[in-house]
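Residue numbers (numbering that gives the first Met the number 0), protein chains in the order written: chain V, 0 to 381; chain B, 0 to 381; chain L, 0 to 381; chain A, 0 to 381. Below is one structure, written out as structure tokens; comments come after it.
There are 4 protein chains.
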Amino acid sequence: MIVILKSDVKEGSPEYQDVIAFLQTRPGITTRVHKEVGALQTLIEIYLIGNTAGLDKMEIESLAGVERVVRVSEEYRIIGRHKDDSRPTGFDYNGVRFDQDNLNVFAGLCAVDTPEHVEAMMRTLKEFGQPCTRMGAYKPRTNPYAFQGHGAKCLPWVFELAGKYGIKVIAMEVTHDSHVDEIRQSLADTGQPTGVMLQIGTRNTQNFELLKIVGRQHEFPVLFKRGFGITLEESLNAAEYLASEGNRKIVFALRGMKTNLGDPHRNFVDFAHVPVIKRLTRMPVCIDPSHSVGSRERDPSGILDVMHVTAQGVIAGANMVLADFHPAPEKALVDGPQALLLRELPLFLEDVAIAREAYEKRRNLVKTFTSQHPPTQTAVGS
Amino acid sequence: MIVILKSDVKEGSPEYQDVIAFLQTRPGITTRVHKEVGALQTLIEIYLIGNTAGLDKMEIESLAGVERVVRVSEEYRIIGRHKDDSRPTGFDYNGVRFDQDNLNVFAGLCAVDTPEHVEAMMRTLKEFGQPCTRMGAYKPRTNPYAFQGHGAKCLPWVFELAGKYGIKVIAMEVTHDSHVDEIRQSLADTGQPTGVMLQIGTRNTQNFELLKIVGRQHEFPVLFKRGFGITLEESLNAAEYLASEGNRKIVFALRGMKTNLGDPHRNFVDFAHVPVIKRLTRMPVCIDPSHSVGSRERDPSGILDVMHVTAQGVIAGANMVLADFHPAPEKALVDGPQALLLRELPLFLEDVAIAREAYEKRRNLVKTFTSQHPPTQTAVGS
Amino acid sequence: MIVILKSDVKEGSPEYQDVIAFLQTRPGITTRVHKEVGALQTLIEIYLIGNTAGLDKMEIESLAGVERVVRVSEEYRIIGRHKDDSRPTGFDYNGVRFDQDNLNVFAGLCAVDTPEHVEAMMRTLKEFGQPCTRMGAYKPRTNPYAFQGHGAKCLPWVFELAGKYGIKVIAMEVTHDSHVDEIRQSLADTGQPTGVMLQIGTRNTQNFELLKIVGRQHEFPVLFKRGFGITLEESLNAAEYLASEGNRKIVFALRGMKTNLGDPHRNFVDFAHVPVIKRLTRMPVCIDPSHSVGSRERDPSGILDVMHVTAQGVIAGANMVLADFHPAPEKALVDGPQALLLRELPLFLEDVAIAREAYEKRRNLVKTFTSQHPPTQTAVGS
Amino acid sequence: MIVILKSDVKEGSPEYQDVIAFLQTRPGITTRVHKEVGALQTLIEIYLIGNTAGLDKMEIESLAGVERVVRVSEEYRIIGRHKDDSRPTGFDYNGVRFDQDNLNVFAGLCAVDTPEHVEAMMRTLKEFGQPCTRMGAYKPRTNPYAFQGHGAKCLPWVFELAGKYGIKVIAMEVTHDSHVDEIRQSLADTGQPTGVMLQIGTRNTQNFELLKIVGRQHEFPVLFKRGFGITLEESLNAAEYLASEGNRKIVFALRGMKTNLGDPHRNFVDFAHVPVIKRLTRMPVCIDPSHSVGSRERDPSGILDVMHVTAQGVIAGANMVLADFHPAPEKALVDGPQALLLRELPLFLEDVAIAREAYEKRRNLVKTFTSQHPPTQTAVGS
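What follows is the structure, encoded as structure tokens:
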């Protein structure tokens, strides 16, 4: 159960105290206070944990400081979209908006290799007006003897180049808590030229200790990738670990599932789950077409599978796209075969725009239809 | 290896005889002649089976009657799209065209129940200009005590209603060879009021005896559904059974894969394979969004998941859509919960049109791009 | 609900008529009579289908002809092991007993190839006292251009050789109803020298039309293989199709599941389900180690994986083992690489005997323990 | 490539220097020295990384200090069992031997809850002569709001009780590097009353940073659990991370795979892979029947599925068994439903002994057979 206080109720005020006092007398209930700091105001939410079945929603709502009470389902207490839950989705970070209604493209290098390649990538992004990118410094590899990424030592020049080319947000995977410290330190050392969205990879989806540590910091938003061998429910429960520790700036990323039923694609593309995530939670949804497909195969008309699945995610309402590009894929140290070429960036962006435009038309179409035909009991399961 | 004869070479002609004679002298090679009967001409293809490695492609092409020789890969000899293989895709049936470039919608009832429901469905289809539908008379059910479809006895009135409302093609599942005879007989009895596309369901994808029998008849085209627990390669090999027996009028249908990684959808939606089928074979590709999703859940903007995955298939180039509708889903005997309502048909058709338009824009976009940037060796894997 | 009549009540007798009359007056209930013909007596079971919730079990049991009433669970009405259901398991066929307590080995050829190989196999079986074998005449193959088995034409000499070497039961796959007729005819033509257990392969587990036809004949017992891409529940429902048509002489076979999680084995070995099948149903359980493992790899001590998984199935109570042998695996037309050699037959049989002896010791051990510690409520889930 | 020095060659000796000098002059080769410290002697192995294809095995073996050169396959360089690789398997820890030939049972609590339960468990273990146990202090849970284990604070009394009852090795999961430090500290604080085998759980199988840290310490051996959604090859590559950092005291544990194909078991039991691990690597193999099965269901003869799958693992040569017991399963905080009761411990141990005895008989049987029938080229794939 979540008790949402009125927007003018401050922590420590008499109304606040009254609510807390009331809740503390309920047997078997503990409370956890969350402050959502927005641009204009701070919103206080009080989470009630324990046996809330016996609590009277209306009695709590009658308290002076209470705006509204939301009964949460068992799962995804914080990230979930509960019944009658009209709270907004999304967040702002370093001047970029992330929510369930808009779309950001993160084209970039799977793995940082040379300054020349990073600069070529960023220059092209600037040329086409892109403020976001992906750049991997820490690479978890299946084989212990494979290249593991340049790590902390590449951060200063990557961040400086980002600043030079106006990049606002870099999605960057971390696989240990020390990486968060290294990124924070390097950003400070270089004068905060850019922002970083911490990426939790699919191999760490259930690395709960890492999630707790990343969840405890509120500076960086988190790009959380679905686990590739677990159910969607289990991945969403894992995302809740981040939120339960206080960080709610989470984007949930679909990246394909491991099973040979998806062959010849590297993973089984799961972008049909885009609307499912939006229905179950309030997180923006990202798609990763490059790792899902894993090759540059194309259909007879010449369209790459990577671009087809991107269009599939976007036409169903995806809010973020993570795409591997490389100035010279044959020299890439990681995942070269799936990378798009720099000269394909404008093609890719225009293709995404076509799909996004179609999505927006579809959204308007259903809006018009729903206003004429409101869902009734006739509709099974609706 | 396929030897394609010149279009003016007739069976039994001297040029034909020469080619056959030449091939029969090659050791370890047997030949199978296939006549592709088109509207204007009949094309003769001779399939060479056995150890063709030692044959000289140019020597055969130098024979008088030979147009061209195609070396086929090991797999999908007939349905496959081989290297330098520019043969056309698709076929015509009862006035409707099916190929890899166009799109047909088959909205209809999962299972035939009452004449009233069938008539209501067909009347609505006619109202919105739809010449195709799906209607199940034979229903394979997991539980032996569940309703198994009305079988042969509903065929006469279903076909008559189809004729009354101008339906040209009904997709209808068959699960035993006797069903094909029953359908043929019933169409004859009722004066051929409509056409039937025989559907092979996912539980019979590897029922090779049924495939051989259906493949031996050339009257009805076949809608072949992917097997839900086998690899794509295995399903394509099974489709080749149909073609190897002589029937090449095959549409390949994606209908989702069985694995709990796709939850909460009923099956794991596999429409990212649309471009893959088009690349590997010359079959038109159908998608079945209703059985893939299996519910009427919708995203926060009100768009049903069934419509989202339809749009995903279509924007990637799907050529046929099979969709469950029902005048009264709560009374449907099979799969009611996933059915769309009759009043949702125009919404559905318009949504499909938006996605198709986007697909066509994308196809033009890549055509322009490719003409400016022809694929070179720089492109890895392209 | 199943109404089991007293053993001396004959069809058409007054007691029988009374029971039928009583049941026919119940609204919404239809009855299906099944006669279980045993060596000494015929047992009549009446299956009640429809809404049986309102029926009074004790009232029916008070009728003169009724021995006992069993309330069946929703699933597996006939093959299932219901609450308080002490009916015996298993059946006799051509002098061989099949039930949940004993063990039969079916070593033989995956596919019949030459008379010499078949005779060599059968001679070796006789030498080691084995009355059962496997011999495939109809082979469903993934690729349409692969060898499909010799079919009907090899049956006469296979059956004659079986008679010559005292083989009582041959497990033989059928993939179309015509195959059953061919087998019946060939046995008649050759003077019934042996018996046949009809095998339904994993590709036809949900070929319900074939199941109905095979279920309608009561002559041959059925070896029913689990479907490799569906849940256990779905496979058991499919086996119920056989029983619902009247044939209850069914052995359920585990043969591994298709998923790359089982690599490097050909299929994911599923023999941990042996006790599950015995708990849920009254069918004897067969294991197929050869197709599960698919190779002749061995552990460092020299024991083949095929033998390890056989021992695993047997120590958990398997009742039948299907094993591929071949006199010259390198010449086998199908699945040679997994075949055991004829000289390995005594080793295999002794290895099976060790595992069976261990199983029997375990069964005695738990019997002693249970008599000393009867399960109580303390035990969770027991 | 691994260069194994003669046992009397010490680090820094002239022979050692000669070998190093020789190897350092080879272009594109780097070396990593590993000292295997045994009870009687220290063995030096030099790993060559890079392009070793051009190296001459015999030339290196001709150097004075070199005992033998092993060419390793690409994968599992250190943990792998390579061609002509007769190095011993296993290790000793705190007086207990772990290798591919023997068997240790680890019965214990899934999660530490109260001192009373821990003491009851250990007292029973001592009563039946068991020197090993499992005790979870850190529990990774799917849901962030579930009990997460008592953590560091229970370690002192758990270790003291272990000492009191003669427990030599406790298997205990760690999910963060700080846990290793906490365990080391607590053992020191309590006077080293027992030993700990660090367990890496299935959710951290590809948490490479944790593996590297655990691999760098040589004090505690590691129980490494297979990842439940990845291939066996990927799990073995992950285990190689531990070894590549220097710790080779690794036991590899099978614990079932996540897929609904294994229903109604909690996971798909994968103990058919016991011989596979022994063939591919030199690690002892552990099985975890409790988490694989996840319930106390039993077959009609009264044997629990948990005991059936344990017997299946042991008869195929498993070297370690991890089993959940609990004095009062209904009060257990984690996984109560699958726990065995304390009074079932002797039954369980005797059941394991029966299966182990059968395994040993089988090993002798094949030894005798192989001495009479040495594998020849006749055997396909042998």
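Just so it is clear, CB atoms sit at the ideal spot from N, CA and C, and this is done for glycine as well.
Please confirm if the stretch 315-323 of chain L is in contact with the stretch 282-294 of chain L, defined as three or more CB-CB distances below 8 Å between the two stretches.
-> yes
Look at the alpha carbon of ILE384(V) and the alpha carbon of GLY301(B), and state the distance between them as a whole number of angstroms.
-> Residue 384(V) cannot be examined here, being either before or after the span of chain V that is shown, 0 to 381.
Could you tell me whether any Cβ in chain V is nearer than 9 Å to the Cβ of GLY380(A)?
-> Because GLY380(A) sits at a pLDDT of 34, beneath the cut-off of 50, its placement in the model cannot be relied upon, and the following sentence gives the value as read from the coordinates. No, no contact with chain V.
Cβ of HIS272(V) versus every heavy atom of the ligand NAP: is any distance shorter than 8 Å?
-> You won't find the ligand NAP in this model; it holds no ligand whatsoever.
Closer than 9 Å, CB to CB, is ASN404(V) near chain B or not?
-> Coverage of chain V is limited to positions 0 through 381, which leaves residue 404(V) absent and any answer about it impossible.
Integer Cβ distance of LEU222(V) from TYR75(V), believed to fall under 8 Å | No, LEU222(V) and TYR75(V) are not in contact; Cβ-Cβ is about 18 Å, not under 8 Å.
Distance between beta carbons of PHE227(V) and THR201(V), contact taken as under 8 Å | The pair is a contact, with the Cβ atoms about 5 Å apart (cut-off 8 Å).
Output yes if chain A places a C-beta closer than 9 Å to the C-beta of GLU349(L); else output no.
-> It does; some Cβ of chain A falls within 9 Å.
Pull up the DSSP beta-bridge partners for CYS131(V), would you.
-> Answer by DSSP bridge pairing, in chain order: VAL168(V).
Can you tell me which of PRO326(V), GLY94(V), ILE1(V) puts its alpha carbon nearest to the alpha carbon of GLY49(V)?
-> ILE1(V)
Between which two residues does the beta strand (DSSP E) carrying ASP323(V) extend?
-> 319-325
Across which residues does DSSP place GLU402(V) in a beta bridge pair?
-> Because chain V in this structure spans residues 0 to 381, residue 402(V) falls outside the shown range and cannot be described.
Where does VAL379(V) fall in DSSP's three states?
-> Note on VAL379(V): pLDDT 35, under 50, position unreliable in the model; the coordinate value appears next. Coil.
At a Cβ threshold of 9 Å, is VAL268(B) touching chain V?
-> yes
Going by DSSP, name the residue or residues bridged to ASP91(A).
-> ARG96(A)
Would you kindly report the start and end of the unbroken alpha helix (DSSP H) that includes GLU181(B)?
-> 176-188
Local conformation of THR30(V) per DSSP, three classes | If DSSP states are grouped into helix, strand and coil, THR30(V) belongs with the strands.
Nearest candidate by alpha-carbon position, reference GLU14(V), set LEU42(V), GLN23(V), THR51(V), ALA63(V) | The candidate whose alpha carbon is nearest that of GLU14(V) is ALA63(V).
Backbone secondary structure at VAL365(L) - three-state DSSP = Note: VAL365(L) maps to helix in three-state DSSP.
Could you pull out every residue in the same chain whose Cβ sits closer than 6 Å to the Cβ of ARG70(B), ignoring the five residues on either side in sequence?
-> MET0
Is there at least one Cβ from chain A nearer than 9 Å to LEU209(V)'s Cβ?
-> yes
Please classify LEU4(V): is it buried, with 16 or more other beta-carbons within 10 angstroms of its beta-carbon, or exposed?
-> buried
Where does GLN383(L) land, buried or exposed, given buried means 16+ other C-beta within 10 angstroms?
-> Outside the shown range of chain L, which is 0 to 381, sits residue 383(L), and nothing can be said about it.
Nonlocal neighbours in the same chain, by C-beta distance under 7 Å from GLU159(L), ignoring five residues either side | Hits under 7 Å: THR189, PRO192.
For CYS153(A), the three-state DSSP class (helix, strand or coil) | helix
Buried or exposed by the 16-neighbour rule on C-beta atoms within 10 Å, applied to ALA317(V) = Label assigned to ALA317(V): buried.
Check ARG202(B) in the structure and name its three-state DSSP category.
-> helix
Using CA coordinates, which residue listed in SER185(L), LYS360(L), GLU343(L), VAL351(L) is at the minimum distance from PRO373(A)?
-> GLU343(L)
If we ignore side chains and look at the alpha-carbon of each, how far apart do THR88(L) and ARG281(L) end up?
-> 5 Å
Establish whether the CB of PHE21(B) and some CB of chain L are separated by less than 9 Å.
-> No, because no Cβ of chain L sits closer than 9 Å to the Cβ of PHE21(B).
Can you list, in chain order, the residues of its chain whose CB lies under 6 Å from that of HIS175(V), leaving out five sequence neighbours each side?
-> Annotation for HIS175(V): no residue places its beta carbon closer than 6 Å to its own, counting only its chain and skipping 5 residues before and after.
Could you have a look at ASN266(B) and say whether DSSP puts it in helix, strand or coil?
-> Three-state result, ASN266(B): coil.
For the 8 Å Cβ check, are there 3 or more pairs between the stretch 326-333 of chain L and the stretch 109-116 of chain L?
-> yes
For GLU126(B), which residues of its own chain have a beta-carbon under 7 Å away from its beta-carbon, when the five flanking residues on both sides are left out?
-> none
For ARG25(B), which three-state DSSP category applies?
-> coil
Consider the Cβ of THR30(V): report whether some Cβ of chain A lies at a distance smaller than 9 Å.
-> no
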